[in-house]
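One structure is given below, encoded as structure tokens.
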Amino acid sequence: MMLPMPFRTIIEPFRIHSVEPLRMTTQVERERAVRAAGYNLFGLRSEDVLIDLLTDSGTGAMSRDQWAAIQHGDESYAGSPSWFRFLDSVQELFPFKHIIPTHQGRAAEKILFTAVAGPGKAVPNNTHFDTTRANVEFTGAEAVDLVVAGGDDLSASHSFGGNMDIERLDAFLRAHPGSVPVVFVTVTNNSHGGQPVSLANLRDVREVCDRHGVPLFLDACRFAENAWFIHEREPGQQSREVRDIVREMASLADGMTMSAKKDGLANIGGWLAMNDDEIATQCRNLLILTEGFPTYGGLAGRDLEAIAQGLHEVVEHDYLQYRIRSTGYLGDALVRLGVPIVQPTGGHAVYIDARRLLPHISPLEYPGQALAIALYETGGIRSCELGTVMFGRHPDGSEQPADMDLVRLAIPRRTYTQSHMDYVVEVCGEVATQAADLPGYRIVEEPPMLRHFTARFEPISSAEEGPPITPT
Ligand code: F0G
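-11 is the number of the first residue of the sequence shown in the numbering used here; add one for each residue after it.
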């Protein structure tokens, strides 16, 4: 149990044990680098980035005990002790019957949807993450987002803005009998401001799924952060241990997909879990085809060890309090500067509302992309657009504005300090003062799916003469 702190300052509950250098660059160097990358921040060399907030996935710092656990990695092809340590750790929190290790979350999605989805099927989710949506659609099924109303209102302070809309879910299942193989709930709701889902909502989803005879799966990447929000915000949950809340979340579901690159506190890994024997057999067969033998999936024994230890650390209250408060620290500072963000601040990231900050750029000229590029050029901060670039292209080839144009500042776990965040705040403030001068963008090259990773862009205002370069 955590003792109340007598002081207001929330400190990192760790000391730094080994350090990595950051490379300083000039604005001119960054303008050249991003231009060469086709104005796509995924195309940069990470050495040209000062503060990398592209993702919180696989970018965290491991603990001393995780590095020590790696030394115990046993690389036997089958039945390694590292596998059994991983299995015990996973089942301690998520007591599903079948645990199927994968190299990361999307591999679990690919295997599950290959087994259960397909043409004519539909998968509802509070909000699909991009790879989840793509893996559903790749099978020919439809991916449907049913996030709670009010969760769309960025100015509303909603305690559980990630919740599923129960009435719409019920109506959807009634209208599509026999064509929904699984209902998904993503905790926390990454594509919807990183907002949490309440236990009450999960219980209601469970009840609706039971009524329609449809299984419920969690996309549980950020399960510990979600459970911390439940512990802090949901009536009656304050005296509970996070690990117990996690077990209750698991008990409401029939299975899960997981990326251990988030709340596994590891740099790689994931799993698929379920109770259903028949589907598990199909999934294991697919696993062997594409990932590996069922006692390692796509992972080395040492990776299984790092995850097993990470799962013990991620549910510690001191860690979670620091984690959620430090994300909130960045969010609060941006609010004080008048930068519009999704509120309340989510668990792993702060989401800037680029459509509101850059009202002169229409959604099809990608205000999120414009803001992300300005943050990089101005201060070397790499962020990620979650908006019309990521979600605007539909399987039928049409393009429409996404619901929101957000720029995500995702905070890697245990990696940056408060002074790094103070620097980020200063850069965001500077970019906000130049907002009216930022250009929109057009796409000049894009792949047929998941275009945000590899598309190339050019700024609209100066496409003919080439983009402006700041004079030295
Ligand atoms: N589901 C959610 C909610 C995610 O956020 C992610 C990854 C995945 C599934 C896929 O997991 O990367 O291990 O294959 N999100 C990262 C991000 C990439 O930046 O938000 P993965």
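Even for Gly, the Cβ is constructed at its ideal location relative to N, Cα and C.
Practice task
Determine the burial state of residue 459: buried for a count of at least 16 other Cβ atoms within 10 Å of its Cβ, exposed for fewer.
Solution key: In the sequence shown, counting from the first residue as 1, residue 459 sits at position 471. A caution first: residue 459 carries a pLDDT of 46, below 50, which makes its placement in the model too unreliable to give a value.
Handout entry: Rounded distance between the beta-carbons of residue 344 and residue 328, thought under 8 Å
Key = For this step, residue 328 is matched to residue 340 along the sequence shown. For this step, residue 344 is matched to residue 356 along the sequence shown. Confirmed, about 4 Å.
Problem - Cα-Cα separation between residue 5 and residue 357, rounded to whole angstroms - result: On the sequence shown, position 17 is the one that residue 5 refers to. On the sequence shown, position 369 is the one that residue 357 refers to. The straight-line gap from Cα to Cα measures roughly 36 Å.
Practice task
Rounded to whole angstroms, what's the CA-CA distance from residue 321 to residue 155? Just pull it up for me.
Solution key: In the sequence shown, residue 321 corresponds to position 333, counting from 1. In the sequence shown, residue 155 corresponds to position 167, counting from 1. The alpha-carbon atoms of residue 321 and residue 155 are separated by roughly 36 Å.
Exercise for the section: Output the distance between the C-alpha atoms of residue 126 and residue 407, rounded to the nearest integer angstrom. Expected result: Taking the sequence shown and counting its residues from 1, one reaches residue 126 at position 138. Taking the sequence shown and counting its residues from 1, one reaches residue 407 at position 419. In a straight line, the C-alpha of residue 126 is about 43 Å away from that of residue 407.
Exercise for the section: Go to residue 256, then tell me how far its beta strand (DSSP E) extends in each direction, as first and last residue. Expected result: Stepping through the sequence shown from its first residue, residue 256 is reached at position 268. Taken as a continuous stretch (DSSP letters only), residue 256 belongs to no beta strand (DSSP E), as it is neither H nor E.
Practice task
Compute every distance between the C-beta of residue 178 and the non-hydrogen atoms of the ligand F0G, then say whether any falls below 7 Å.
Solution key: Stepping through the sequence shown from its first residue, residue 178 is reached at position 190. Yes; taking the cut-off as 7 Å, the Cβ of residue 178 has a heavy atom of the ligand F0G nearer than that.
Problem - residue 439 CB to nearest heavy atom of the ligand F0G below 7 Å - result: Along the sequence shown, read from residue 1 onward, the residue named residue 439 stands at position 451. Result no, Cβ not under 7 Å from the ligand F0G.
Problem - Simplified DSSP state of residue 351, which is helix, strand or coil - result: Here residue 351 corresponds to residue number 363 of the sequence shown, with the count starting at 1. Helix at residue 351.
Exercise for the section: Check residue 226 in the structure and name its three-state DSSP category. Expected result: Position 238 of the sequence shown, counting from 1, holds the residue named residue 226. Here residue 226 sits in coil by DSSP.
Exercise for the section: Mark residue 163 as exposed unless 16 or more other C-beta atoms lie within 10 angstroms of its C-beta, in which case mark it buried. Expected result: As a working note, residue 163 is residue 175 in the sequence shown. By the 10 Å Cβ count, residue 163 comes out exposed.
Problem - Span of the beta strand (DSSP E) around residue 329 - result: The residue labelled residue 329 in the question sits at position 341 within the sequence shown. Element bounds for residue 329: n/a, residue is neither H nor E.
Problem - Cβ pair count under 8 Å reaching 3, the segment 80 to 93 against the segment 263 to 274 - result: yes
Practice task
Given a cut-off of 8 Å, decide if residue 248 and residue 258 are closer than it, judged by their beta-carbon atoms.
Solution key: If you number the sequence shown from 1, residue 258 lands on position 270. If you number the sequence shown from 1, residue 248 lands on position 260. The answer is yes: Cβ separation under 8 Å.
Exercise for the section: Assign residue 128 to buried or exposed, taking buried as 16 or more other Cβ atoms, counted over all protein chains shown, within 10 Å of its Cβ. Expected result: Here residue 128 is taken as the residue at index 140 of the sequence shown, counted from 1. Its Cβ having fewer than 16 others within 10 Å, residue 128 is exposed.
Handout entry: Start-to-end residues for the beta strand (DSSP E) that takes in residue 113
Key = As a position in the sequence shown, residue 113 is number 125, starting the count at 1. Note, residue 113: beta strand (DSSP E), 110 to 113.
Problem - Residue burial classification, residue -3 (beta-carbon count within 10 angstroms, cutoff 16) - result: Translated into the one-based positions of the sequence shown, residue -3 becomes position 9. Exposed: under 16 other Cβ atoms inside 10 Å.
Exercise for the section: Examine the ligand F0G and report whether any of its heavy atoms sits within less than 7 Å of the Cβ of residue 92. Expected result: For the purposes of this step, residue 92 is taken as the residue at position 104 of the sequence shown. Yes, the Cβ of residue 92 comes within 7 Å of a heavy atom of the ligand F0G.
Exercise for the section: Specify the secondary structure class of residue 237 as computed by DSSP and reduced to three states. Expected result: Taking the first residue of the sequence shown as position 1, residue 237 is located at position 249. Reduced to three states, the DSSP call for residue 237 is helix.
Practice task
Quick one: give me the first and last residue of the beta strand (DSSP E) that residue 246 is part of.
Solution key: What you label residue 246 is simply residue 258 of the sequence shown in a count that begins at 1. Unbroken beta strand (DSSP E) run through residue 246: 243 to 247.
Practice task
Please confirm whether any heavy atom of the ligand F0G lies closer than 7 Å to the CB of residue 34.
Solution key: The residue given as residue 34 occupies position 46 in the sequence shown. Checking every heavy atom of the ligand F0G against the Cβ of residue 34, none is found closer than 7 Å.
Practice task
Return the residue from the list 55, 207 and 184 that minimises the CA-CA distance to residue 121.
Solution key: Residue 121 sits at position 133 when you count from the first residue of the sequence shown. For the residues 55, 207 and 184, the minimum Cα distance to residue 121 belongs to 207.
Exercise for the section: Please confirm if residue 409 has its CB atom under 8 Å from at least one CB of chain B. Expected result: Absent from the structure is chain B; it holds one protein chain and no more.
Exercise for the section: Tell me whether residue 45 counts as near the ligand F0G, meaning its Cβ is closer than 7 Å to at least one heavy atom of that ligand. Expected result: By one-based count along the sequence shown, residue 45 stands at place 57. Flag set: Cβ of residue 45 near the ligand F0G.
Problem - For residue 184, the three-state DSSP class (helix, strand or coil) - result: The sequence position of residue 184 within the sequence shown is 196, counting from 1. The answer is coil: DSSP assigns residue 184 none of H, G, I, E or B.
Practice task
Put residue 299 into one of helix, strand or coil per three-state DSSP.
Solution key: Numbered from 1 along the sequence shown, position 311 holds the residue referred to as residue 299. Helix.
Handout entry: Anticipated Cβ contact below 8 Å, residue 194 with residue 187, distance rounded
Key = Looking up residue 194 in the sequence shown gives position 206. Looking up residue 187 in the sequence shown gives position 199. With a Cβ gap of about 10 Å, residue 194 and residue 187 do not count as contacting.
Exercise for the section: Take the Cβ of residue 370 as the centre, count every other Cβ of all protein chains shown within 10 Å, and call the residue buried at 16 or more, exposed below. Expected result: As a first step, residue 370 must be located in the sequence shown, where it is residue number 382. Buried: at least 16 other Cβ atoms inside 10 Å.
Exercise for the section: List in chain order: all unbroken alpha helix (DSSP H) runs of 4+ residues lying wholly within the segment 2 to 76. Expected result: 15 to 24 and 52 to 58
Problem - Bridge partners - residue 398, DSSP secondary structure assignment - result: Stepping through the sequence shown from its first residue, residue 398 is reached at position 410. Partner(s): 337.
Handout entry: Closer than 7 Å: residue 335 CB and nearest the ligand F0G heavy atom
Key = In the sequence shown, counting from the first residue as 1, residue 335 sits at position 347. No, Cβ of residue 335 sits at least 7 Å from all heavy atoms of the ligand F0G.
Exercise for the section: Give the range of the alpha helix (DSSP H) segment to which residue 124 is assigned. Expected result: As a working note, residue 124 is residue 136 in the sequence shown. Its alpha helix (DSSP H) spans residues 118 to 126.
Exercise for the section: Given a cut-off of 8 Å, decide if residue 365 and residue 11 are closer than it, judged by their beta-carbon atoms. Expected result: As a working note, residue 11 is residue 23 in the sequence shown. As a working note, residue 365 is residue 377 in the sequence shown. Against a cut-off of 8 Å, the Cβ pair of residue 365 and residue 11 comes out as no contact.
Exercise for the section: Go through the segment 148 to 187 residue by residue and report every complete run of the beta strand (DSSP E) that reaches 3 residues or more, in order. Expected result: 171 to 174
Practice task
Using alpha carbons as the reference points, say which of 390, 287 and 65 lies closest to residue 353.
Solution key: For the purposes of this step, residue 353 is taken as the residue at position 365 of the sequence shown. Minimum Cα distance to residue 353 is reached at 390.
Exercise for the section: Confirm the yes/no value for this check: CB of residue 468, any heavy atom of the ligand F0G, distance under 7 Å. Expected result: The structure shown does not extend to residue 468, since the chain is modelled only from -11 through 460, so no value can be given for it.
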